[in-house]
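Here's the structure, in C-alpha cells; my notes come after.
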Amino acid sequence: MKKFLAILLAAMMLLAMIPAAVAEETPEPWTVTVFRGDPGDQPTDDNKIYKMIEEQFGIKFEFEFLAGNLDETLGLKIADEVYPDLFDGGNSAETLENAGVLIDLLPYISEEKTPNLYKHIYTDDRIKQLTNEDGELFIIPNYGINYNDQIQNYCNGPAFFIQKQVIAWNNYQVPTTLNEYFDLIERFLAENPTTADGTPYQGFAILCEGWRHFCLINPVQHLMGRPNDGEVMIDVTTPEYKTETFIDKPYAKAYYAKLNEEFHKGLISKDTFVMNYDQYIAALSNGTVLGMFDQTWDFGTATQSLETSNMYANTYLALPLVYDPEYVDGKTIEEHYLNGSVMNKDRGFGISTSCKDPERLVQLMEALLSDEWQTILQWGIEGEDYTVDENGRMLKTREQYMNRSDAQWKRANMATAIWESMPKKQGTMDNGNAWDPANQPEIYFDQMSDYDKEFLSAAGKKTPAEFFNPPIELAPYGEAWQIDKAPIDIDYNDFLAIQDRWLPTIITCDPAELDANWDAFVAEITPSAQVYTDFMQAEVLKLVEAATN
Amino acid sequence: MSTVAKTNPGSALAPGKKKGFWFTLGKQWQLMIMSVPMLLYVLLFNYGPLWGWLTAFQDYQPKKGLAGSPWVGLDNFKFLFGREDFLLAIRNTLAMSVINLVFGTVSAVLLAVLLNEVRNRSFKRTVQTVTYLPHFLSMVIVVSMAQNIFASNGSVNAVLMALGLVKEPVFFLGKGEYFWWLVGVINVWKEVGWNTIIYIAAMTSIDPCLYEAAAIDGAGRFQRILHVTLPGIKSTFMVLLIMNIGHLMEAGFEIQYLLRSGLTMKYSDTIDVFALIYSFGSSKPHYAYGTAAGMFKSVVGIILLFGANKIAKALDEDTLI
Amino acid sequence: MTTATVNTKKRKKRRDIAFPIVNTIILCLLMFITLFPVLNTLAYSFNDGMDAVKGNIGIWPRVFSTDAYKELLQDSAVYQAFWISLSKTVITTLTNLFFTSMLAFALSRKEYVLRKFITTVMVLTMYVNAGLIPNYLLISSTLKLSRSYWVYIVPTMFSCFNMIVIRTYINGLPDALVESAHIDGAGDLRAFFQIILPLCLPVMATVALFVAVGSWNSWFDTYLYNGSKKDLYTLQYLLRMKLATTQNSSNAANATADALASSSKVAPITIRSAISVVSAVPILVVYPFLQKYFVTGMALGSVKG
C-alpha cells in the first residue's frame with residue numbers, strides 16, 4: 001500500500017512538472033477567437049498546420065464561419081459587447097470599419113519589429129492606397145500583393161466567352177469585335193442548329209439573377225477598351241480622371257440594340273432573363289450555350305462538369321471583344337480586359353477592439369508572412385505535399401495537387417481558414433517558383449487536358465491568356481468597383497434596379513419601339529446616375545490624389 | 001365577459017359582482033399557476049426586446065446602441081412613405097397574402113374534407129404522408145422546380161399547347177401580372193398537405209353519432225359534409241382565419257426573392273424584401289428602415305386582427321381573443 | 001313508394017358509389033403532383049454532382065452516387081451533432097407541450113378573470129417583432145445564454161400559435177367535463193391533468209409534430225449563439241454549413257486555377273437535395289406513431305366510455 005502511494009505521489013509530481021517544463025519553451029497558450037465572413041469547414045482537431053502554429057506560437061484558433069446573410073450577421077456581431085479577436089468581414093468588411101470595431105494596425109507595424117509586413121505594404125507606395133483619410137489601416141489585403149513576376153496563365157475575370165468548338169469550326173480564327181463575334185455564332189448556328197443529340201443550341205445567354213447581373217450591365221466598358229471599373233468608365237488620359245456612367249450613353253445603346261437584333265434573329269431566348277443561376281449552370285453544363293458575357297470564376301462548376309463528362313469542345317474560351325469602329329465614330333478600340341494586379345482592399349483579417357494582445361497577433365501575421373511559413377501555408381510540407389527537383393523547381397504529383405480540392409483532406413492538412421484572410425505573398429518566389437501551386441507552369445500544363453493543349457497549339461498560343469493583351473498598368477485609383485458606395489447607397493440601388501428592369505425590356509422589344517424605350521430608360525435613370533457619377537468622380541480623385549502625393 | 005356570467009351562473013368560480021375582482025382572483029389561484037409563469041415569460045422574451053422599436057425613430061448604429069444613436073423623429077417613416085417602391089411593396093404584400101390566404105385555406109379545408117371521406121385507412125395515411133412531404137423541401141428547391149415547370153419550354157406550357165389553349169408559350173416567369181398567382185400556386189403546392197393537419201386534428205373531435213343521425217335523417221354525403229363536417233371544424237377555421245387576417249402584412253420574402261427578376265420587380269417585392277434590401281443592402285446598413293417597416297407591419301397587423309375579431313364577435317362566431 | 005322516390009334513391013346510391021371513385025382519383029392526382037418534387041429531390045440527392053448540375057433529372061437518378069450523403073455525413077462531428085439535435089428536440093417538444101397546453105387550458109376557462117388580458121398579451125406576441133438585434137442582445141448579452149446548450153431550450157418553451165390551436169380544441173369539448181370535476185371537488189390543475197389532457201391527445205400530437213419539426217430543422221439559433229462552440233453544433237447547422245461551403249467554393253471570386261482542376265464530386269444542388277431528405281427523415285419515422293391519434297371520433301368516444 002505504501003509502495004503504491006509512493007508511486008502515485010511520484011506520478012503526480014511528474015505530471016505536475018510537465019506543464020511547467022513545457023511552459024518554459026513555448027509562449028503562454030492563447031485561444032484566439034476568429035470570425036470568417038465566408039462559409040467554411042471547421043478544421044479537424046489534429047490539423048497538421050494548426051498544430052505546427054500552436055507548437056511554435058502557442059496560439060490556438062476557435063473558428064466561427066458565416067452560414068447566413070453576411071450583413072445581417074455583421075450587424076449582430078457589431079451590436080454585441082465582445083468581438084472576435086480576428087475579425088474578417090468578408091465582402092462587407094467596410095461595415096466593420098464604419099462601425100469602429102477594428103483597431104488601426106499601423107502603430108504595430110515598423111521596419112524593425114515587422115520587416116515582412118513593412119515590406120508587404122510599404123513597397124511601391126502601396127501604403128498610400130491602403131490607408132484611409134485619417135491615415136489609418138484596419139485591414140491588410142488578403143489578395144493582390146505580388147512579389148517578383150506576376151503569373152497570369154488565363155483570364156479569371158470578365159470576358160466574352162465562346163465554345164471552343166465554334167473557334168475550331170472557324171479554323172481557329174478568333175473574333176475580336178462585337179460584330180465578328182455574333183456573326184461567327186450566327187454562321188455556326190446556321191450550319192449546326194442543334195447538338196449531336198438534337199437539343200437546339202442557344203446562341204447567347206445573359207444571366208441577370210441578383211448580384212450576378214453584371215453579365216447584363218457590365219460589358220459596355222470592356223467593349224470600349226477599359227478593364228473592370230464596375231458601373232463607371234474612367235478616362236485615365238484626362239488629368240481630372242473624367243468619370244462617367246456608361247449605361248445611359250449612346251455607345252451603350254449600340255450594344256443593347258445589337259442584342260435586340262440578335263434576339264429577333266433567335267440567338268437570345270426570352271427565358272434567359274428569368275433564368276436562375278442553377279438553370280444557367282445547367283444550360284452551360286449541357287453544352288447548349290454557345291456564348292455569353294461572364295467572369296470565368298462565375299461558372300467554374302459548369303466548366304468542371306463539362307470536363308468531367310469529357311465535353312472539352314463545349315468548354316469556353318475567353319475573348320477580349322471591342323466595339324467595331326462603326327459603333328464609335330470610326331475609332332479603333334484597343335482592348336484592355338486584363339488589368340494590373342489589384343490589391344483586394346478592405347478584405348481580410350482585422351483585429352478587433354476586444355483583442356487583449358493585438359501586438360502578439362500582428363507578430364503572428366508577421367511570422368506567417370515569412371517565406372518559410374508562406375511555403376507551408378501555400379504548398380504544404382516538403383516530402384508530404386510537394387517535392388523539389390534537382391533544378392529547385394517545386395512539383396506536386398497529380399494526387400498531391402488534387403488533394404487541394406478535397407474538402408475532407410483540407411480539413412486535416414491545410415490551414416485554409418487562416419490562410420484565406422491573412423496577408424499573403426503572390427506572384428513568384430525569389431527562386432522562381434510560383435507562390436500559388438496552381439500557377440506553377442509545370443503544374444498548370446500538367447493538369448491541362450489534351451484537348452486544350454491541342455486547341456491552344458492549333459490556335460498558335462501557349463496559354464489562354466495570350467488571347468488577351470498583356471495587363472495594363474493599374475490606374476492609381478485601383479479598380480473603381482472597390483469604392484464603398486455606402487454614402488449614396490439608396491441612389492446606387494435605384495441606379496441598379498432601373499437597369500435590371502429596363503435592359504431586358506429593351507433587348508426584347510419590337511425594334512420599332514427600341515428608341516422610345518431607350519429614351520424612357522435614360523430619362524428614368526438620369527437622376528440616380530447623376531448622383532452616382534458625381535460621387536464616384538469625387539472618390540476617384542481622392543484616391544488618385546492619395547496615391548500620387 | 002358579461003355573457004360568461006350568464007352562461008355559467010351556478011359556478012362557484014364565476015366572477016361574482018358582489019365578491020369583487022381580487023377575491024375571485026384569489027379563488028382562481030390554480031388557473032394563475034397555470035398561466036402567470038407563461039405571462040412573465042412572454043413579457044421577457046417577446047415584449048422585452050421591444051425597446052428595439054425606439055430605433056425606428058433613430059439613425060441607429062449598433063456600435064453606439066440605443067443611448068448613443070441620434071434621434072431623427074419620424075424621418076425614417078417619411079423616407080419609407082416617400083418611396084414609390086415601398087408603396088408598391090405594400091400593394092404586393094397585401095395582394096400576395098390575400099391570394100395565399102384564400103388559396104391556402106380553401107385548398108387545406110377541401111383536402112381535409114376529402115380525406116375525411118376516405119374509408120380505407122392505409123390509403124388515407126398514404127395520401128396524408130405524401131402530401132405533407134413537400135413542406136420539408138427547401139424553398140430554393142421548390143422555386144427552382146417551379147421555374148423549370150413554368151419556363152417557356154416547361155411542362156405547363158407543353159400541356160397548354162397540346163390542349164390548344166394557347167398558340168405560343170406563355171411567359172409565366174417574365175410577366176409581372178402573373179407573379180402573384182405563381183406565388184400562390186407554389187405555396188399551395190408546397191404547403192397544402194401540411195396545412196391540412198390542423199383541420200384533420202380538429203375533425204377528430206366531431207362526434208360520430210352526428211354522422212349516424214344525419215344518415216338516418218336521409219342526408220346524402222354532401223349534406224353530411226355541409227352539415228356535420230364543416231360545422232365541426234368551424235371554430236378552428238374561424239380562429240385561423242382571424243389569426244391570418246392579422247398576418248396579411250406578411251407575405252414572406254424567401255419565395256419572392258428567389259422568383260423575382262428584373263422583369264417582375266414591380267410586382268415581386270414585398271415589405272420584407274424591401275426591408276431586407278434597404279436595411280442590409282450596403283456597408284452602412286440602415287437598420288432603422290427595417291425596424292420602421294417592421295413596426296408599420298406590426299401596427300397594421302394588430303389593427304386588422306382586432307378588426308377581424310370584432311367582426312367575428314358581432315357575427316357571434318368564434319373569436320381569437 | 002312512388003317511382004320518383006325510387007329514382008332519387010337509386011341516384012343517391014349511384015352518387016354514393018361515384019363519390020369515392022372521384023375522390024380517389026382526385027387524391028391520387030394530388031399525390032402525383034406533390035410526390036413529384038419529393039422524388040425529384042430524392043433523385044438529385046442520389047445523383048453524381050457534376051452530372052446533376054446539367055439538370056433535367058426526373059424521378060430517378062441519372063448517374064447514381066451517394067457522394068452527397070458521404071460529404072454530409074462522413075464528418076465525425078455528425079454524431080455529436082445528431083445527439084444534440086435529438087436531445088434538444090425531445091426536451092423542447094416536452095417543455096413546449098407542457099407549458100403551452102397548461103396555458104391553453106387556463107385561457108379556455110371562461111370564468112378566469114385574467115383570461116382576456118392574458119389572451120390579448122399572448123396573441124399580440126404573434127404580431128409584434130422587435131427585430132433581430134434586440135432579440136439577439138436579450139439572449140446573448142442580458143441573459144448570457146449564448147455559448148451554451150440552454151439557448152436551445154429556454155427561448156423556445158412557448159408558442160402562442162400552438163396554444164391557440166390547443167385552446168380551440170379544448171373549447172370544442174363539452175364544458176360539463178370540467179364543471180362536473182369541479183363539483184366533485186377537483187381543482188383546475190386536477191381537472192386539466194386528469195380529464196382534459198387525456199382528451200387532447202389528437203391536438204397534442206399535432207402540436208408535438210409542429211414543435212418537433214420546427215426544433216429539428218432550426219439552425220439559426222446555433223448559428224447566432226453557438227457558432228464558435230463546435231461541441232454544441234446541431235445537425236441542421238452542420239448540414240447548412242456544408243451547403244454554404246459547397247456553394248461558396250463553387251463560385252468563389254478568388255478561386256484560382258484550382259476550380260479548373262477540381263475533383264469535387266458534389267454540387268450545391270445535390271447537397272441541398274440531400275439536406276432536404278435528411279430533414280424529412282426523422283418526421284417520416286415519427287409520423288406513423290402520431291397518425292393513430294388523428295382518427296375521427298376517437299376523442300368523444302372515450303368521453304362516453
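Protein chains in written order, with this note's numbering: chain D, 1 to 549; chain L, 1 to 321; chain B, 1 to 305.
All residues carry an ideal CB built from backbone N, CA and C; glycine is no exception.
Computed from a prediction, not measured in an experiment: that's the story for all the values here.
Query                                                                                                                                : Result
Residue burial classification, GLN223(L) (beta-carbon count within 10 angstroms, cutoff 16)                                          : exposed
C-alpha gap between ILE21(B) and GLU117(L), whole angstroms                                                                          : 11 Å
THR131(L): contacting residues in chain B (beta-carbon distance under 7 Å)                                                           : LEU30, MET31 and THR34
Closer than 7 Å to chain L by CB, VAL522(D)                                                                                          : no
Per-residue burial, GLN165(D) [other beta carbons within 10 Å of its own, 16 or more giving buried]                                  : buried
Min CB distance VAL274(D) to chain L below 7 Å                                                                                       : yes
Simplified DSSP assignment, three categories, for VAL185(L)                                                                          : helix
GLY172(B) at chain D interface by Cβ criterion, 7 Å                                                                                  : no
Closer than 6 Å: THR142(B) CB and nearest the ligand FMN heavy atom                                                                  : For the ligand FMN, the structure offers nothing, since it holds no ligand at all.
Beta carbon of LEU259(L) nearer than 7 Å to that of VAL192(L)                                                                        : no
ASN554(D): contacting residues in chain L (beta-carbon distance under 9 Å)                                                           : Residue 554(D) is absent from the model: chain D starts at 1 and stops at 549.
Per DSSP, cross-strand counterpart(s) of GLU64(D)                                                                                    : PHE35(D)
VAL36(L) - containing alpha helix (DSSP H), residue span                                                                             : 29-42
Continuous alpha helix (DSSP H) stretch holding GLN147(L): start and end                                                             : 139-149
Straight-line Cα distance separating PHE467(D) from TRP211(D)                                                                        : 28 Å
Three-way DSSP call (helix, strand, coil) for SER141(B) in this model                                                                : helix
Proximity of LEU70(D) and GLY90(D) at Cβ, strictly below 7 Å                                                                         : yes
Residue range of the beta strand (DSSP E) that includes LYS242(D)                                                                    : 242-245
Residues bridged to LEU165(L) [DSSP beta-bridge criterion]                                                                           : The partner list for LEU165(L) (beta bridge, DSSP) is empty, contrary to what the question assumes.
Where the alpha helix (DSSP H) containing ASP235(D) begins and where it ends                                                         : Taken as a continuous stretch (DSSP letters only), ASP235(D) belongs to no alpha helix (DSSP H), being part of the beta strand (DSSP E) at 232-235.
Strand pairing of MET394(D), partner residues [DSSP]                                                                                 : VAL388(D)
4 or more residues per run - each alpha helix (DSSP H) lying fully within the stretch 172-219 of chain L                             : 176-203 and 208-216
Cα-Cα separation, ASN148(D) to PHE188(D)                                                                                             : 43 Å
Residue(s) in a DSSP beta bridge with ILE162(D)                                                                                      : GLY291(D) and LEU317(D)
CB contact below 7 Å: GLU553(D) versus chain B                                                                                       : In the structure as shown, chain D begins at 1 and stops at 549. Residue 553(D) is therefore absent and cannot be evaluated.
Residues that DSSP places opposite SER65(B) in a beta bridge                                                                         : Answer is none; SER65(B) lacks a bridge partner.
Burial state of ALA18(B), where buried means 16 or more other Cβ atoms lie within 10 Å                                               : exposed
Three-state secondary structure (DSSP) of PHE349(D)                                                                                  : strand
ASP41(D): contacting residues in chain B (beta-carbon distance under 9 Å)                                                            : ASP75, MET241, LYS242 and THR245
Within the stretch 264-298 of chain B, ranges of the beta strand (DSSP E) (whole runs, at least 3 residues)                          : none
Segment limits, alpha helix (DSSP H) that includes PHE45(L)                                                                          : That residue, PHE45(L), is in no alpha helix (DSSP H); it is neither H nor E in DSSP.
Chain-ordered neighbours of SER92(D) on chain L, where CB pairs are closer than 8 Å                                                  : SER283
Contacts around ASN148(L), its chain only, beta-carbon distance under 6 Å, and the 5 residues preceding and following it disregarded : GLY154
Contact the stretch 235-249 of chain D vs the stretch 165-174 of chain D: 3+ CB pairs below 8 Å                                      : no
Proximal chain L residues relative to PHE46(B), where beta-carbon distance stays under 8 Å                                           : By Cβ distance, chain L contributes nothing, its closest Cβ being about 14 Å from PHE46(B), past 8 Å.
Interface partners of ILE151(D) on chain L, CB under 7 Å                                                                             : Per Cβ cutoff of 7 Å: no residues; ILE151(D) is ~32 Å from chain L at best.
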